[in-house]
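Residue numbers (our numbering): 2 to 613.
Report on the structure given below.
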């Protein structure tokens, strides 16, 4: 009689059932795949969605079955026939990475490479994906192969693969629930939602990392990315400020801390309109993370807020100076200098400083494309605002010498030539001397005649005499317009004479309306003349100082000897006329006359081809 061990009997019975079940499952998988194969071979696009659903169902039920690789390959082919090349690529790559030893691997590899070489953006990344596909045939494990597949999808950076990445990341997390890299997979999923323009799903996916992986090294990134999305995409600025502040306080040493600090300033500046709060955040970034690439943008923001919001121009200029002083290697320093120059030009009115900042660009950043242009700006300010032709010429010359082939060099040459011509005191010398001789004679003879005639000045007579001189001056100016209008020096000289004469008329009219006596009004004439001549001495010719001094002395003389007022006027006009004639008299004409005398000819004035 045979005795059976009950324990062994139960084990054997269980083995029989397992074997039978496995055999049945394998048989069902084969039948299911046969059905799928038959359906695919019809190539009926009307049932492609049904077929894709069935293939996915098969893979879910039989992930480890021998037929799984063929099912995955068929899924790729269905996508390909539908014209969805990006999803076909994802499916082919999955066959390559998850089933490296199957007979479908090589065909899938070839199909994937074909798509990668033909489609954007993959064909620009040949070296990267070629290496990944080559190494796909030898994974360390099935888990590693699956991870490599997901990493490859992410690296392709295709907008059309982002939701597929989310789907495949979820599958990886389901199949490999204990893998140590699930935090990275979760990040990939969140990033994919963000790139697929699904900000709510992205924000929640980043937030999930907070809960599921609180010790992950990716937590600073997840919080920073979530803060950015909350503000920029969802408009929840309050929540964004809280999350970003969490990055700077909980992870101050992370690579995202400075970016989070900068974002805090950006939100307060642009969204919540808290200008002073933004300044605090930006300054904290500059002081705490001096090596961050966000420091220069933060300093620009500090300058902008101070200039535009708070009207604190010194603080704005200090921020621009800090960029150049501490971050000179940053090419945005030239922009800082230009903005500082614009601030002086448009806001503070310090044109001298503005010109210095413009010129500094060519010194500190000589290769900057704007350097020639900003030198031109510096020269223009000196010429038009500062009335400093010497400095303007210096800047124009820098353009010509430093950038001779630049298009601005031609402009600088033309402006330099015009500047030199405008300030050439030799142009129109004879005309100026001739006009001064006529006007000087009238200005000396007229007051002397009035003195001896014992003329008692009235408002009307003074206005009439001054108007007469004005008409004479205008007539002489019209006659000599060719030479006197040729240069800026001559134009300003003419304008100065007209200004003084018109001012005399204006003072006389004002005195008449204000009830002042003619004598009281006339007491203002000498300071007016002296000031006008003094200004000419400062900006044009220092040798006119004797006339200016004589004008101020006349103030004292007219006060001490009021009965000699007209003689004082005549004396001043005589000094002025002699001063001008001596300074500007064309000495070469004297030499020409002397040469004529030596040659026994009648003396004559040498004439130039152009009026001088």
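Think of the CB as a built atom: it goes at the ideal place given N, C-alpha and C, for glycine as much as any other residue.
For residue 147, the uninterrupted alpha helix (DSSP H) run begins and ends at 143-156, by DSSP. One alpha carbon belongs to residue 89, the other to residue 184, and they sit about 27 Å apart. A direct Cα-to-Cα measurement between residue 205 and residue 64 gives close to 29 Å. With contacts defined by Cβ atoms closer than 8 Å, residue 120 and residue 86 form a contacting pair.
Beyond the five residues adjoining it in sequence on each side, residue 238 comes within less than 8 Å, by CB distance, of 231, 232, 268, 272, 273 in the same chain, given in chain order. The beta carbon of residue 486 sits closer than 7 Å to those of 492, all from its chain and outside the five residues before and after it, given in chain order. Rounded to the nearest angstrom, the Cβ distance from residue 359 to residue 340 is 11 Å, too far for a contact under 8 Å. Excluding its 5 nearest sequence neighbours in each direction, residue 234 has C-beta neighbours in its own chain below 6 Å: 200, listed in chain order. Taking all protein chains in view, the Cβ of residue 122 is surrounded by fewer than 16 other Cβ atoms within 10 Å, so the residue is classified as exposed. Taking 8 Å as the cut-off, the beta carbon of residue 293 is found closer than this to the beta carbon of residue 259. Only residues of its own chain outside the window of five on either side were considered, and among them 522, 525 have a CB closer than 6 Å to the CB of residue 508, listed in chain order. Annotated three-state conformation of residue 44 is coil, per DSSP.
By the C-beta density criterion, residue 106 is buried, having at least 16 other C-beta atoms within 10 angstroms. In this structure, DSSP gives residue 283 a helical state, which the three-state scheme calls helix.
Considering only 567, 564, 579, the residue with the shortest C-alpha distance to residue 546 is 579.
In the three-state reduction of the DSSP assignment, residue 562 falls in the coil class.
Counting C-beta pairs with one atom in each stretch, the segment 428-441 and the segment 404-415 have fewer than three that are closer than 8 Å, which means they do not touch. A distance of 8 Å or more separates the beta carbons of residue 93 and residue 67. Between residue 210 and residue 223, the CB-CB gap stays under 8 Å.
According to the DSSP assignment, residue 211 belongs to the alpha helix (DSSP H) that extends over 200-213.
By the CB criterion at 8 Å, residue 380 and residue 372 fall outside the cutoff. A distance below 7 Å between beta-carbons, with the five flanking residues on each side excluded, links residue 246 to the following residues of its chain, in chain order: 265.
Between the alpha carbons of residue 32 and residue 140 lies a gap of roughly 30 Å. Looking only at 72, 423, 285, 225, the smallest Cα-Cα distance to residue 484 is reached by 423. In the DSSP assignment, residue 386 falls outside any alpha helix (DSSP H) and carries neither an H nor an E. A contact is defined here as three or more CB-CB pairs under 8 Å, and the segment 509-516 fails this definition with respect to the segment 539-559.
Between the segment 173-182 and the segment 157-164, the count of Cβ pairs shorter than 8 Å is below three; the stretches do not touch. Put simply, the backbone Cα of residue 270 is about 40 Å away from that of residue 407. For a cut-off of 8 Å, the C-beta gap from residue 534 to residue 434 is around 17 Å, too long to register as a contact.
DSSP places residue 426 outside any alpha helix (DSSP H), giving it a letter other than H or E.
Burial is judged here by how many other beta carbons sit within 10 angstroms of a residue's own beta carbon; residue 361 has at least 16 and is buried.
In this structure, the straight-line span from the alpha carbon of residue 263 to that of residue 255 is close to 14 Å. Rounded to whole angstroms, the separation of the alpha carbons of residue 91 and residue 52 is 17 Å.
Annotated three-state conformation of residue 465 is helix, per DSSP.
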